[in-house]
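Chain order of the listed sequences is B and X. Heads up, the final residue of the first sequence is numbered 1092 in my numbering, and it's a clean run with no missing numbers. Heads up, the final residue of the second sequence is numbered 1092 in my numbering, and it's a clean run with no missing numbers.
Number of protein chains: 2
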Amino acid sequence: MKEVDIDQIMKALKVVLSESKRYNLHEPLFQGNEISYVKECIDSTWVSSVGKFVDQFEEMLAEYTGVRKVVSVVNGTAALHISLILAGVTTDDEVLMPTLTFVATANAVNYCNAVPHFVDSCETTLGLDPIKLRSYLKDIVETRSGASFNKYSGRKIQAVLPMHTFGHPVDLDLLLEVCNEFNLVLVEDAAESLGSYYKGRHTGNHGVISALSFNGNKIITTGGGGAILTNDEVLGKKAKHLTTTARVAHKWSFVHDQVGYNYRLPNLNAALGCAQMEKLPELLSRKRLLAEKYFQVFKGISGVNFFREPEFAQSNYWLNVLLLEKGFESSRDLVLEATNRADIMTRPAWRLMHELDIYKNCPRMDDLSSSISIEQRLINIPSSSFLS
Amino acid sequence: MKEVDIDQIMKALKVVLSESKRYNLHEPLFQGNEISYVKECIDSTWVSSVGKFVDQFEEMLAEYTGVRKVVSVVNGTAALHISLILAGVTTDDEVLMPTLTFVATANAVNYCNAVPHFVDSCETTLGLDPIKLRSYLKDIVETRSGASFNKYSGRKIQAVLPMHTFGHPVDLDLLLEVCNEFNLVLVEDAAESLGSYYKGRHTGNHGVISALSFNGNKIITTGGGGAILTNDEVLGKKAKHLTTTARVAHKWSFVHDQVGYNYRLPNLNAALGCAQMEKLPELLSRKRLLAEKYFQVFKGISGVNFFREPEFAQSNYWLNVLLLEKGFESSRDLVLEATNRADIMTRPAWRLMHELDIYKNCPRMDDLSSSISIEQRLINIPSSSFLS
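Pasting the structure below:
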C-alpha cells in the first residue's frame, strides 16, 4: 500500500481555505433578498401551502432548467418518491440505480413497495456506467410484451434512476440509448445537480421526470425543499395533484380521488428559494472558481487527484472531490482523521447501498468493482461557495 | 324537510364578524417574534434540518403538552405515518378510525400498507364513539395469542386512531378501556387539538404516541409542520431516528440501519413555531372568546346549534361548528351557498372516508349513521383568532 503525504494535503487545503474561519462541507450563502422575501411572506400571513412565492419559485426553476413544468415539494426525497410513482413504478417492480448514492435514492424506491437493483458507476462521472449497464441488461433481461423482466427474480424492471453524483452529470445520451433499447423509463435523481449541464442542456431535462433538492447543504436552499421536473404537461398536473393530497378542486367540498401525499413546499420556504434563485449564477461562478483553486493546489501532489467535470459536462461542483489514486486506499481514513481533527470537515462517500443491511439482499450486478474502488478512494472537501 | 332562516344566520354571523374585513375559515396571526426569530435563523445560516429553533420548539411543545418527548416533523401527515409505524402497524394490519376525518388519517395507514377500518362517531364529541366501538369489537373480534383479529377479514387489528375533531377531544378514558380490553394501541390524531384538554390533561398525552399539525390553517403554524408526541423515551428516540433518514451517528460515515424518512422540520419553520408557541395562550383566549360570541348569537335561532365543547373537555375551538338540527339537512347547502357568496368562508365536513372511491372497499361498521347524520348537518364557520 502506498500512502499520500498528509502534510502536503493539509497545506494544499489551507492555501485555498486560508481566508475563511469556517470549514464545513457546505454552507448556504444568504446575501440577497432572503430576509426581505421571508418578511413579506410573514407580513402577508400566507406562509403555508399556497402563495405567490410557491408559484414564483416554480416559474424561476422552470425558466432556469428549461423544463416545462416544475412542482415544488417538501424535500428531494418526496420529489423522488412522486417521480417514481409517475414513472409507473409499482409494487414489486425493480428500479436500476447506482450502488454509489445517498440512501434517499433507494428509500424512495422502497416507498413504492418496489425493489432497488444496484449497478456500477464509472470513474469518469462518479455516476451510473451506461456501457456496463447495457451489457449487464443483455445478460439478465427477458422481454415480455415489450417490457423488460429480470429473468432471475422474475420482476419487471420499470425504470432507471441515475444520480448526478456531487453535481457531475452521468453520460445521459448513452443512458437514453440503453433506456430506449430496453424500454425503461429514465428518472433523473438531480438532487445534487441544480446548475449542472449535460452537453449544454440542464440535468433533470433529459429524463421523463426528475427530482431536485434544496436541503440546507445544497447549492441553493429553502431550508428543506425539493422539486419535480417534467416536460410532460400531463405528468406535471398529476405531480401537483398527488403532492397536494389529491383533492378534487371545489370551493368547499373535500373529495380526494387518489391516495395522495402532503408534500407541498410551504410558501415561507419558497420565499427563501426565490431569493436564492436570484443568486444562483453568482453561486455557480464562485463554486467553479473554488474548484479551479483546488485543482491548482492539488495538481502537484502525488497519489491524489482533484476530480474535474466530465468533458461533456458543465458541473456545479456541488461537493468537491479528491480521488486518491489506486494503491493509496489506506490513506483515505488518515486524511479524514487529520482534516477533521483540524476542523476542516471532510467525509468519505456514502456507504454503498448494497453493503447496507437494509438493502444487501436486493438484486445487483456481481461486478460492482468501480463503485467499490471509488468509495475506497473518495474524499469530499469543504465546498461552500463563500470559500472562493 | 324543515329549513333554517338563512337571513337570520347571515345576520348572526355578521354580528360577530363585523369588525373584520377578512372572513376566511382560519388564518394565522403573527404579532410576536415571528420575523425576529426567522431573521435570526437566516442570519445564522442554520435554516435547515438542525438548529437551535428545532430543539427549542420541541422543548416548548413538550413543556406545553406535558408529554416527555417531542419530535418535530415536516407536517401532520408525516407525524401520523411515523406514529403508526412506531405503534407496530405493519403490512395488512387494520387500524380503527372514524369515517368522519380528514383524508390524512386514512392515508397515513395506507402508507404503512395497512388497512383503515372505519367506525362511527358520536354527536357529543364529533369524534370516535367508544361505546359503539366496544360493542362492535365484541361482535367482530377473535382473540389469538392475546391479539385482536377481525374474524371477517382475518387481519390483525393493531391500533385505534381517534381524531379530535375541530379541536374537541373524544372520550379518552372510555376509549382507553376499550383499547385495554382488546389489546389495541391508542394513537391520537391530535392534528387539530393543540391547546385542547381532556379532563385537564392535554390531548396527545393519553395515547402511546400522538401526532400534531402546524399547517397554515391550524391554531399555530410553522408554514408546514407537525410533531410526534410520546411519553415513551424509547419510542421518542426511534421517532427521531426514523424521521432523520435512520442514519447511525458518526462524525463522517453515512450508514443507515433502517429504511428511514426525510421528515425533519427545517429550523426556519421551527423559528416561526417558537414565536407562535409564545402566543399560544393568547390565541386560545381569543378563540374561546370568539366561540362564546358565536354561541350567544346563534342561541335563539331555530334549527341550528353552535357546537360546544364536551363537558369533560376544554377545547381549543380550532374550527367553529354549526350543527343543524335533525330534519334541517336540506339547509346545509343553502347556508354554504349564501355565506360563501357573501365572502364569508364556510364549509361542510370532509366527505366521509368510507364514501371515497379510494377507501370504499375498506372494512367498516355497518351502522355509521351518526357520522352520516353529522356530515349532513355540519358547517364550519370563520374561526381565525383575530376575529374575536
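Using N, Cα and C, we set each Cβ at its ideal position, and we do this for glycine too.
Beta-carbon proximity of residue i to residue j, cut-off 9 Å
i: Ala926(X); j: Leu976(X); result: According to the sequence shown, residue 926(X) is Thr rather than Ala. Yes, they are a contact pair.
i: Phe1032(X); j: Glu707(X); result: yes
i: Phe886(X); j: Ile861(X); result: yes
i: Arg745(B); j: Phe761(B); result: A small fix is needed here, since residue 745(B) is Cys in this sequence, not Arg. Their beta carbons are not under 9 Å apart, which means Cys745(B) does not touch Phe761(B) by this criterion.
i: Pro1052(X); j: Val778(X); result: no
i: Lys940(X); j: Val774(X); result: Sequence check: residue 940(X) is Gly here, not Lys. A contact, by the Cβ cut-off of 9 Å.
i: Val899(X); j: Ser917(X); result: It is Gly, not Val, that sits at residue 899(X) in the sequence shown. No.
i: Leu1026(X); j: Ile1083(X); result: yes
i: Thr1075(B); j: Leu804(B); result: Rather than Thr, the amino acid found at residue 1075(B) in this sequence is Ser. Contact flag set, yes.
i: Ile1005(B); j: Gln712(B); result: yes
i: Thr781(X); j: Ala818(X); result: no
i: Glu892(X); j: Ala915(X); result: yes
i: Glu982(X); j: Asn1009(X); result: no
i: Leu972(B); j: Ile924(B); result: no
i: Trp956(B); j: Asn1044(X); result: yes
Three-way DSSP call (helix, strand, coil) for residue i in this model
i: Leu686(X); result: Since the first and last residues shown for chain X are 705 and 1092, residue 686(X) lies out of range.
i: Asp1071(X); result: coil
i: Gln862(X); result: strand
i: His954(B); result: coil
i: Ala1017(X); result: strand
i: Met981(B); result: helix
i: Met801(B); result: strand
i: Ser857(X); result: coil
i: Pro820(B); result: strand
i: Ala894(X); result: coil
i: Ser1088(X); result: coil
i: His872(X); result: coil
i: Leu987(X); result: helix
i: Glu763(B); result: helix
i: Thr781(X); result: helix
i: Tyr965(X); result: coil
i: Phe1002(X); result: helix
i: Pro1093(B); result: Past the edges of chain B, shown from 705 to 1092, lies residue 1093(B), and the structure says nothing about it.
Partners in chain B for residue i, counting only beta-carbon separations shorter than 7 Å
i: Phe958(X); result: Trp1054, Arg1055
i: Lys955(X); result: Asn1044
i: Thr749(X); result: Glu731, Pro732, Phe734
i: Leu1040(X); result: Trp956
i: Lys743(X); result: Ile739
Classification of residue i by the beta-carbon crowding that lies within 10 angstroms, buried from 16 upward
i: Ser752(X); result: buried
i: Ile835(X); result: exposed
i: Ala1046(X); result: exposed
i: Gln735(X); result: exposed
i: Asp715(X); result: First, the amino acid is wrong: residue 715(X) is Lys here, not Asp. Exposed: under 16 other Cβ atoms inside 10 Å.
i: Thr847(X); result: exposed
i: Ala894(B); result: buried
i: Val742(X); result: buried
i: Gln980(B); result: buried
i: Asn919(X); result: buried
i: Met764(B); result: buried
i: His821(X); result: buried
i: Asp1071(B); result: exposed
i: Met1069(X); result: buried
i: Ser989(B); result: exposed
i: Asn884(X); result: exposed
i: Ala1096(X); result: The structure shown does not extend to residue 1096(X), since chain X is modelled only from 705 through 1092, so no value can be given for it.
i: Ser825(X); result: buried
Interface partners of residue i on chain B, CB under 8 Å
i: Gly964(X); result: Val807, Asn811
i: Ile746(X); result: Phe734, Glu738, Ile739, Val742, Leu976
Proximal residues of chain X, C-beta to C-beta of residue i below 9 Å
i: Thr869(B); result: None at all; the shortest Cβ gap to chain X is about 13 Å.
Partner residues on chain B for residue i, Cβ-Cβ distance less than 9 Å
i: Asp961(X); result: Leu1060, Asp1061, Ile1062
i: Arg1051(X); result: Lys955, Trp956, Ser957, Phe958
The ligand MN heavy atom lying under 8 Å from the CB of residue i
i: Asn1020(X); result: Among the ligands in the structure shown, none appear at all, so the ligand MN cannot be discussed.
Per-residue contacts from residue i into chain X (C-beta, under 7 Å)
i: Ile861(B); result: Simply none; closest approach about 21 Å.
>> With three or more C-beta pairs closer than 8 Å as the rule, is the stretch 1005-1025 of chain X touching the stretch 985-997 of chain X?
In response: yes
>> Quick test of the definition: if touching needs 3 or more C-beta pairs under 8 Å, does the stretch 799-808 of chain B touch the stretch 831-848 of chain B?
In response: The stretch 799-808 of chain B, when compared against the stretch 831-848 of chain B, does touch it at the 8 Å Cβ threshold.
> Do the stretch 808-818 of chain B and the stretch 770-785 of chain B touch if we need at least three Cβ pairs shorter than 8 Å?
Replying inline: yes
> Would you call the stretch 934-949 of chain X and the stretch 1070-1088 of chain B touching, i.e. three or more CB-CB distances under 8 Å?
Replying inline: Segments in contact, no.
>> Would you call the stretch 817-834 of chain X in contact with the stretch 865-872 of chain X, where contact means no fewer than 3 C-beta pairs closer than 8 Å?
In response: yes
> Counting Cβ pairs closer than 8 Å, one from the stretch 894-909 of chain X and one from the stretch 1047-1056 of chain X, do we hit at least three?
Replying inline: no
> Any contact of the stretch 960-967 of chain B with the stretch 928-947 of chain B, i.e. 3+ C-beta pairs under 8 Å?
Replying inline: Yes: the two stretches touch, three or more of their Cβ pairs being nearer than 8 Å.
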